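Which chain is which? The protein sequence lines are L and W, in order.
At position 40 of the first sequence (counting the first as 1) the number is 118 in the working numbering, and the numbers step up by one without a gap.
At position 221 of the second sequence (counting the first as 1) the number is 407 in the working numbering, and the numbers step up by one without a gap.
Cβ atoms here follow ideal geometry from the backbone N, Cα and C, with glycine treated the same way.
Quantities reported herein were computed from a predicted structural model and do not represent experimental measurements.
What follows is a single structure, written as structure tokens, with notes after it.
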Amino acid sequence: MAMTPLFIGNDAPVIVQGMTGHEGMKHTARMLAAGTNIVGGTNPRKAGTSLSFDVNGSPVDVPVFGTVAEAMEKTGAQASVVFVPPRFAKSAVMESVDASMPLIVVITEGIPVADSAYFVASAVKKGLQIVGPNCPGLATFPAAPGTTGANLGIIPDGITQRGPLGLVSKSGTLTYQLMSELSDIGFTAALGAGGDPVVGTTLLDALKAFQADDATKACVLIGEIGGSAEQEAAQWAKEHMTKPVVAYIAGFTAPEGKQMGHAGAIVSGGKGTAQEKKVILEANGIRVGSTPGQTASIVRQVLAKLGE
Amino acid sequence: MDLYEYQARQLLEKEDIPIPAALYARSSHEVAQAVESIGLPCVIKGQVKIGHRGQAGGVLLADTLDDAILDSEKILPMTIHGHKVNGVLVTEAKNIIHEYYVSISLDRASRDYDVLATVHGGTEVEDIAHNHPEDVKRLHINPLEDFDLEAATTMAKEIGFYHADVDQAAEILLKMWKVFKETDATLVEINPLAKIGNPDDESSKRLCALDAKISLDNNAAFRHPEWSEFIDAQNADPLEARAQKHGLHYVRLDGQVGVIGNGAGLVMSSLDAVAGAGEPSAASSLAIKPANFLDIGGGASADVMAESLDIVASDPHVSSILINVYGGLTSCKTVAQGILGAVESNGLTNPLVVRFDGNEATEGLQLLANANNPHIHVSDTMEDAAASAVSVAREWNGASDSTASTTERN
Numbered sequence: 079m080a081m082t083p084l085f086i087g088n089d090a091p092v093i094v095q096g097m098t099g100h101e102g103m104k105h106t107a108r109m110l111a112a113g114t115n116i117v118g119g120t121n122p123r124k125a126g127t128s129l130s131f132d133v134n135g136s137p138v139d140v141p142v143f144g145t146v147a148e149a150m151e152k153t154g155a156q157a158s159v160v161f162v163p164p165r166f167a168k169s170a171v172m173e174s175v176d177a178s179m180p181l182i183v184v185i186t187e188g189i190p191v192a193d194s195a196y197f198v199a200s201a202v203k204k205g206l207q208i209v210g211p212n213c214p215g216l217a218t219f220p221a222a223p224g225t226t227g228a229n230l231g232i233i234p235d236g237i238t239q240r241g242p243l244g245l246v247s248k249s250g251t252l253t254y255q256l257m258s259e260l261s262d263i264g265f266t267a268a269l270g271a272g273g274d275p276v277v278g279t280t281l282l283d284a285l286k287a288f289q290a291d292d293a294t295k296a297c298v299l300i301g302e303i304g305g306s307a308e309q310e311a312a313q314w315a316k317e318h319m320t321k322p323v324v325a326y327i328a329g330f331t332a333p334e335g336k337q338m339g340h341a342g343a344i345v346s347g348g349k350g351t352a353q354e355k356k357v358i359l360e361a362n363g364i365r366v367g368s369t370p371g372q373t374a375s376i377v378r379q380v381l382a383k384l385g386e
Numbered sequence: 187m188d189l190y191e192y193q194a195r196q197l198l199e200k201e202d203i204p205i206p207a208a209l210y211a212r213s214s215h216e217v218a219q220a221v222e223s224i225g226l227p228c229v230i231k232g233q234v235k236i237g238h239r240g241q242a243g244g245v246l247l248a249d250t251l252d253d254a255i256l257d258s259e260k261i262l263p264m265t266i267h268g269h270k271v272n273g274v275l276v277t278e279a280k281n282i283i284h285e286y287y288v289s290i291s292l293d294r295a296s297r298d299y300d301v302l303a304t305v306h307g308g309t310e311v312e313d314i315a316h317n318h319p320e321d322v323k324r325l326h327i328n329p330l331e332d333f334d335l336e337a338a339t340t341m342a343k344e345i346g347f348y349h350a351d352v353d354q355a356a357e358i359l360l361k362m363w364k365v366f367k368e369t370d371a372t373l374v375e376i377n378p379l380a381k382i383g384n385p386d387d388e389s390s391k392r393l394c395a396l397d398a399k400i401s402l403d404n405n406a407a408f409r410h411p412e413w414s415e416f417i418d419a420q421n422a423d424p425l426e427a428r429a430q431k432h433g434l435h436y437v438r439l440d441g442q443v444g445v446i447g448n449g450a451g452l453v454m455s456s457l458d459a460v461a462g463a464g465e466p467s468a469a470s471s472l473a474i475k476p477a478n479f480l481d482i483g484g485g486a487s488a489d490v491m492a493e494s495l496d497i498v499a500s501d502p503h504v505s506s507i508l509i510n511v512y513g514g515l516t517s518c519k520t521v522a523q524g525i526l527g528a529v530e531s532n533g534l535t536n537p538l539v540v541r542f543d544g545n546e547a548t549e550g551l552q553l554l555a556n557a558n559n560p561h562i563h564v565s566d567t568m569e570d571a572a573a574s575a576v577s578v579a580r581e582w583n584g585a586s587d588s589t590a591s592t593t594e595r596n
């Protein structure tokens, strides 16, 4: 039976924008070691060269292309992971959008929101998927034999394995924490939506993808103060989801008007509080854990009820 | 970054949006000088980055110089809803015929820009929207598109500006859009946008921005060197400023347990865990709360960890400190080295409760165990660590203030 890919096809070829930079190089090595099919990087000044990575003891050469369009033409890349610094991020992401890259994962933190709004609107117009910015990326755990899935971004490999859960989160470390607490159960995919005010893939978009994916049986949603993405996801879930969603919200103690680390994590004008989100999630039938540990226990109860 | 009214006015003035004459003053002496040049009557407006200042007594009308000085002496020392007044604006008093509300903001949910306006200006927008939802007019601008004179004129008519005012209102809307785009703002609000002048003299009437609120996108600071003048040195928390210098995100709160972690979500979660464990109970009526938010970021070095501990411990209200790290990029072993460095070289004596998980957690815990330091405690889970940090803080606060705790027990 052919599987519908969740976010990205098994073994899909991937390029890295910013691969020759410090962060890009470090994480390209990690992503390769996790089994991601990285086929190239881009840097106009280093086009035609290649970088050698040590992947579990054997060297792997990854070619550097001048542009995203050229990389796509030569490699058939279906996704790009962006590690470009904030001031160059807009033009890097727009290069991928202009080349019609189907999936663009933007890890960079600190991009001006006007730039993000512009490239997100551009991607929406062309029907392309952006994940992030300011996110840990995307990790998939496909069932197909001989594939290890795609690790696009900075999510540590080896925390968990294939299983029936789908996870979407505004926070990186809380993603790893919940993946770790539920490592014995496993996941189909974990998607870091990002902590910025404007992101390409919202919590709601991720729930839609998990609802459409046969292998995902239940979802974990990790939210935090700021905006209303959790509330919108919950309202959609109540009307359209047949799969249970369990949530965790961070920031009950956050004061008004203070940005708590993430650019989007701010309570303004009394709106976007953790309490308000919890109330609306619960009113829409989503159970909300009071700590990450308790959230994991609720997920276990929910799965037991499903007979998983 | 939110701007004070006197700063927001500067940005409006650059685009020729009409504003009343005003001078910023920091003492009653400067107020007296300002009144001389602005004239009487005038309005003395406390500068704070929070709404509802009028109801709080932060805006007063003065008919005489003596009144203006007395008003400023009342307002200058005020703290309004927790915000210290940072100077006053001495503004010429205008005869107001009508007040409108207009704003342009980033709309997070629709991922575009939202022009919002109503004929009922003057109070906070939340109240306006609540009392007159049918009169709130909105126009969403796609980030790929622009706002033009035609759209602005249509909008001005819809809002309900009178015939003669439509053109001026449209022009002001367009100029606000220019301010919004060019300054990387997330909010440009004029409230009230007032129709001023002599009611009996049609030619004297015009629109004027009597108050303004602007928020700028911190992420865009790299392309706005001119923002350095907006940095609020006077009201900045010294520990927040010190953390910022080291690229750390620190927010001071009002509790007793210092909190350090990696990743904004995990740190917020740790604060919640401390507040949950610290709720007053039958055993103790003393509420224990988090003293700060501090995110060491991804892949932090030992030096960053040591500096973070030093910053958190510099807050005199801090008793115990919770360190909660899930090692992804960050190595728990490196964090442990930073902790030991801070304890051994900086002579830190606050009790520390450490919880490690993930990358090199075992190695990190081993290092801490080997150090055999009585100030360092270890917990397996975040929940246990929070409970332990709270219980240490409770003992510490009980011991240092026995009168208070005895009174509370009675």
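Using the beta-carbon of each residue, which ones in chain L are nearer than 8 Å to Val453(W)? Within the second sequence, the letter at position 267 stands for residue 453(W). Met338 and Gly339, listed in chain order.
Can you list the beta strand (DSSP E) stretches of 3 or more residues lying completely in the region 255 to 280 of chain W, in chain order? 274 to 278
Do you know how far the Cα of Lys399(W) is from the Cα of Asn583(W)? Stepping through the second sequence from its first residue, residue 583(W) is reached at position 397. Stepping through the second sequence from its first residue, residue 399(W) is reached at position 213. Computed Cα separation, rounded: 41 Å.
Under a three-way DSSP split, which group does Pro370(L) fall into? One-based indexing of the first sequence puts residue 370(L) at position 292. It is helical.
Which stretch, first to last residue, makes up the alpha helix (DSSP H) that contains Val234(W)? On the second sequence, residue 234(W) is found 48 positions in, with the first residue counted as 1. From DSSP, Val234(W) is part of no alpha helix (DSSP H); its letter is neither H nor E.
Taking Thr320(L) as part of the beta strand (DSSP E), name the residues at either end of that continuous run. Start at 1 with the first residue of the first sequence, and residue 320(L) comes out as number 242. First-last for Thr320(L): undefined, no H or E at that position.
Whose CA, out of Ala170(L), Ala221(L), Asp193(L) and Glu259(L), lies closest to the CA of Arg409(W)? Position 223 of the second sequence, counting from 1, holds the residue named residue 409(W). Comparing Cα-Cα distances from Arg409(W) to each of Ala170(L), Ala221(L), Asp193(L) and Glu259(L), the minimum goes to Asp193(L).
What in chain W is Cβ-close to Thr114(L), meaning under 9 Å? Residue numbering aside, residue 114(L) sits at position 36 when the first sequence is read from its first letter. Per Cβ cutoff of 9 Å: no residues; Thr114(L) is ~16 Å from chain W at best.
Interface residues of the region 389 to 418 of chain W facing chain L [CB-CB below 8 Å]: Asp403, Asn404, Asn405, Ala406, Phe408 and Arg409
Taking C-alpha atoms, which residue in Leu373(W), Asn377(W), Ala356(W) and Pro385(W) lies nearest to Asp403(W)? In the second sequence, the residue the question calls residue 403(W) occupies position 217. Of the candidates Leu373(W), Asn377(W), Ala356(W) and Pro385(W), the one whose C-alpha sits nearest the C-alpha of Asp403(W) is Leu373(W).
Bridge partner(s) assigned by DSSP for Glu302(L): Your numbering for residue 302(L) matches position 224 in the first sequence. In DSSP, Glu302(L) forms a bridge with Ala328(L).
Report the residue from Asp293(W), Asp298(W), Tyr299(W) and Val288(W) whose alpha carbon sits nearest the alpha carbon of His306(W). Within the second sequence, the letter at position 120 stands for residue 306(W). Here the closest residue by C-alpha is Val288(W).
If I measure Cβ to Cβ from Arg239(W) and keep anything under 7 Å in the same chain, skipping five residues before and after, which residues do I get? The residue labelled residue 239(W) in the question sits at position 53 within the second sequence. Excluding positions up to five away in sequence, the list reads Gly232, Val245 and Ile266.
With respect to the beta strand (DSSP E) encompassing Val117(L), which residues constitute its N-terminal and C-terminal limits? Counting from one through the first sequence, the residue named residue 117(L) turns up at place 39. First-last of the beta strand (DSSP E) with Val117(L): Ile116 to Thr120.
Please compile the residues from chain L whose C-beta is within a distance smaller than 8 Å of the C-beta of Asn545(W). For the purposes of this step, residue 545(W) is identified with residue 359 of the second sequence, where counting begins at 1. Per Cβ cutoff of 8 Å: Pro234.
Which of the three DSSP states is assigned to Ser456(W) in this structure? For the purposes of this step, residue 456(W) is identified with residue 270 of the second sequence, where counting begins at 1. Three-state result, Ser456(W): helix.
Jot down the residue ranges of each uninterrupted alpha helix (DSSP H) in the region 296 to 370 of chain W, minimum 4 residues, whole runs only, in chain order. 311 to 317, 335 to 345 and 349 to 368
I need the straight-line Cα distance from Ile525(W) to Gly371(L), nearest angstrom please. For the purposes of this step, residue 525(W) is taken as the residue at position 339 of the second sequence. For the purposes of this step, residue 371(L) is taken as the residue at position 293 of the first sequence. Ile525(W) and Gly371(L): Cα-Cα distance of roughly 25 Å.
Please name the residue in Gln289(L), Lys356(L), Leu230(L) and Ala296(L) whose C-alpha comes closest to that of Leu269(L). Here residue 269(L) refers to the residue found at position 191 of the first sequence. That would be Leu230(L), whose Cα lies nearest to the Cα of Leu269(L).
Give the residues from the region 165 to 199 of chain L that approach chain W closer than 7 Å (Cβ to any Cβ), ordered along the chain. Arg165, Gly188, Ile189, Pro190, Val191, Ala192, Ala195, Tyr196, Val198 and Ala199
Counting only C-beta atoms, is Gln255(L) closer than 8 Å to chain W at any point? Stepping through the first sequence from its first residue, residue 255(L) is reached at position 177. Taking Cβ atoms only, chain W reaches closer than 8 Å to Gln255(L), which makes this a yes.
I need the DSSP call for Ile400(W), collapsed to helix, strand or coil. Counted from its first residue, the second sequence places residue 400(W) at position 214. In this structure, Ile400(W) counts as strand in the three-state DSSP scheme.
Going straight from the alpha carbon of Asp188(W) to that of Gln337(L), what length do you get? As a first step, residue 188(W) is located in the second sequence; it is residue number 2 there, counting from the start. As a first step, residue 337(L) is located in the first sequence; it is residue number 259 there, counting from the start. Those two C-alpha atoms are separated by around 11 Å.
Using the beta-carbon of each residue, which ones in chain L are nearer than 7 Å to Gly462(W)? On the second sequence, position 276 is the one that residue 462(W) refers to. Within chain L, the residues near Gly462(W) are Ser368.
Contact between the region 300 to 316 of chain W and the region 344 to 357 of chain W: three or more CB pairs below 8 Å? yes
Given a threshold of 16 other Cβ atoms within 10 Å of its Cβ, counted over all protein chains shown, does Thr373(L) qualify as buried or as exposed? Sequence index remark: in the first sequence, residue 373(L) carries index 295 (1-based). Answer is buried; the Cβ neighbour count reaches 16.
Can you check whether the C-beta of Ala590(W) is within less than 8 Å of a C-beta belonging to chain L? Against the second sequence, residue 590(W) aligns to sequence position 404. Here Ala590(W) scores only 40 on pLDDT, less than 50, and its place in the model should not be relied on; the value that follows carries that caveat. Answer no: the Cβ-Cβ gap between Ala590(W) and chain L never drops below 8 Å.
Determine the extent of the beta strand (DSSP E) in which Asn405(W) is found, giving its start and end residues. Locating residue 405(W) in the second sequence gives position 219, counting from the first residue. No beta strand (DSSP E) holds Asn405(W); DSSP gives it neither H nor E.
Considering only the alpha carbon of each residue, which of Ala547(W), Ile509(W), Thr548(W) and Val453(W) lies closest to His561(W)? As a working mapping, residue 561(W) is identified with position 375 in the second sequence. With distances taken between Cα atoms, His561(W) lies closest to Ile509(W).
Three-way DSSP call (helix, strand, coil) for Gln420(W) in this model: Your numbering for residue 420(W) matches position 234 in the second sequence. Reduced to three states, the DSSP call for Gln420(W) is coil.
By Cβ distance, which residues of its chain are closer than 7 Å to Pro141(L), with the 5 residues on each side in sequence left out? What you label residue 141(L) is simply residue 63 of the first sequence in a count that begins at 1. Result list for Pro141(L): Gly118 and Ser128, in chain order.
Note down, in chain order, each residue of its chain lying with its Cβ closer than 6 Å to the Cβ of Ala147(L), except the 5 sequence neighbours on either side. For the purposes of this step, residue 147(L) is taken as the residue at position 69 of the first sequence. Contacts found: Ala177.
Exposure of Ala598(W), with buried meaning 16 or more beta-carbon neighbours within 10 Å: Nothing can be reported for residue 598(W), as the shown portion of chain W is limited to 187 through 596.
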